[in-house]
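Below is one structure; the comments refer to it alone.
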Amino acid sequence: MRNAFANKITELAKKNKKIILLSGDIGNKLFNSFKKQNLGRFINCGVAESNMTTVAAGLAYAGFTPITYTIASFNVFKTIEQIKIDICYQNLPVIIVGVGAGLSYSNLGTTHHSIEDIGVLNSISNLNIICPADQKELIKLLPQIIKSGKPTYLRLGKKNEKQVYSGNCGSKIGKVEIIQKGREICIFGTGNVLHNVISASKNLKYNFKPQIVNIHSIKPFDKKNVLKYLKEFKKIIVVEEHIEAGGLSVMLKKLTSENRTNNKFICHNTGNKYLIGLGDKINAHKKVKLDSLSIKKSIDKFYKM
């Protein structure tokens, strides 16, 4: 995903001279093409993420479109005050790119897990939160994010993410996308983990297809269509690479409660505890039941309930 981001932002910056890319001392080789084709518009801010965020706010105030880029756990939890006060309080068009979100850096331990970011940032006014499912969706949404002129957190995986969209991707900010039409059960997911949902929905014990809905826009949230599916399907599965608190499942349960849709839920997330000793991302998904086999078992179980 980071390669897709680097290629697309390089292309966009050639046409839009206001785009400035700020890095927290990562991605130097990744952005070689950007640096060559957009001279003077790449700034390595070093291991100083809070300062990078304030610099980005200043650039936005001066009329530029700054993008901060570093590992998600650092670009959120080290910069939260600056995101709130310097960027969002003034409603400045800064794009905060968190690469390696969720459990992408699982093998580096708890310090590199970014599984609380949505919950923390969702409480900040004026900030959009976008979680593309794959490279195609990222490429589709990135120009829209820039055009919106809104403070935005762009939540990305790391590398080698599997494709969710095999054909064209028509994703639009603020609108959910149906990945697979189905019946009986509706599965809501966000981000890279949607590929595990698609794999899980194949070769089920019972001869049916669940509906799969991609919520790539956490904010702005497509309340109207989500509520429509909550009314249409009573059995809901939520899959997210995030802790339960403050995540997508909480948002959906709140909507259910407010509208008395009487849904039943099975939620796959990372729980509410620090995760230790998970190993790589594949093993981490198995441990917290975000792998396709665990999701498949929930679909089969839920169908007969």
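In numbering that gives the first Met the number 0, the protein residues as written are 0 to 304. For every residue, glycine included, the Cβ atom is placed at its ideal position computed from N, Cα and C. These numbers were taken from a predicted model, which means no experiment stands behind them.
Worksheet item: With C-beta atoms as the reference, is residue 196 less than 9 Å away from residue 177?
Response: no
Worksheet item: My guess is that residue 162 and residue 135 are in contact by the Cβ rule of under 8 Å, so how many angstroms apart are they, rounded?
Response: 7 Å
Practice prompt. Taking 8 Å as the threshold, find out whether the region 124-135 comes into contact with the region 51-64 through three or more Cβ pairs.
Written response: no
Practice prompt. Work out the CA separation of residue 256 and residue 56 for me, nearest whole Å.
Written response: 38 Å
Worksheet item: Do residue 242 and residue 269 have their C-beta atoms closer together than 9 Å?
Response: yes
Worksheet entry | 9 Å Cβ cutoff met for residue 173 and residue 221 | yes
Discussion item. Considering just the uninterrupted stretch of the beta strand (DSSP E) at residue 259, what are its terminal residues?
Written reply: No beta strand (DSSP E) holds residue 259; DSSP gives it neither H nor E.
Worksheet item: Thinking just about the alpha-carbon of each residue, which of 290, 185 and 40 is nearest to the one in residue 264?
Response: 185
Worksheet item: Is it a yes or a no for the region 36-44 touching the region 8-25, going by three-plus beta-carbon pairs under 8 Å?
Response: yes
Worksheet item: Can residue 153 and residue 214 be called in contact, C-beta distance under 9 Å?
Response: no
Discussion item. For residue 115, which residues in the same chain have their Cβ closer than 6 Å to its Cβ, ignoring the five residues on either side in sequence?
Written reply: 242
Fill in: Distance, residue 180 Cα to residue 13 Cα
39 Å
Worksheet item: Would residue 121 pass as a contact of residue 175 if the rule is Cβ separation under 9 Å?
Response: no
Discussion item. Pop quiz: residue 112 and residue 274 are said to be a contact at Cβ under 8 Å. What is the actual Cβ separation, rounded to whole angstroms?
Written reply: 6 Å
Discussion item. The alpha helix (DSSP H) that contains residue 309, what's its start and end?
Written reply: As displayed, the chain neither begins before 0 nor continues past 304, which places residue 309 out of reach and without an answer.
Worksheet item: Where does residue 130 sit, in a helix, a strand or coil, going by DSSP?
Response: coil
Worksheet item: Is DSSP giving residue 124 helix, strand or coil here?
Response: coil
Discussion item. Buried or exposed for residue 205, going by 16 or more other Cβ atoms inside 10 Å?
Written reply: exposed
Discussion item. Taking the alpha-carbon of residue 86 as reference, which of 61, 69, 71 and 72 has the nearest alpha-carbon?
Written reply: 61
Worksheet item: What are the residues that DSSP puts in a beta bridge with residue 53?
Response: Residue 53 is not bridged to any residue.
Worksheet entry | Contiguous alpha helix (DSSP H) assignments of at least 4 residues, all confined to the region 43-98 | 48-60 and 71-76
Worksheet entry | Which of helix, strand or coil DSSP assigns to residue 218 | strand
Worksheet item: Alpha carbon to alpha carbon, how far is residue 84 from residue 151?
Response: 14 Å
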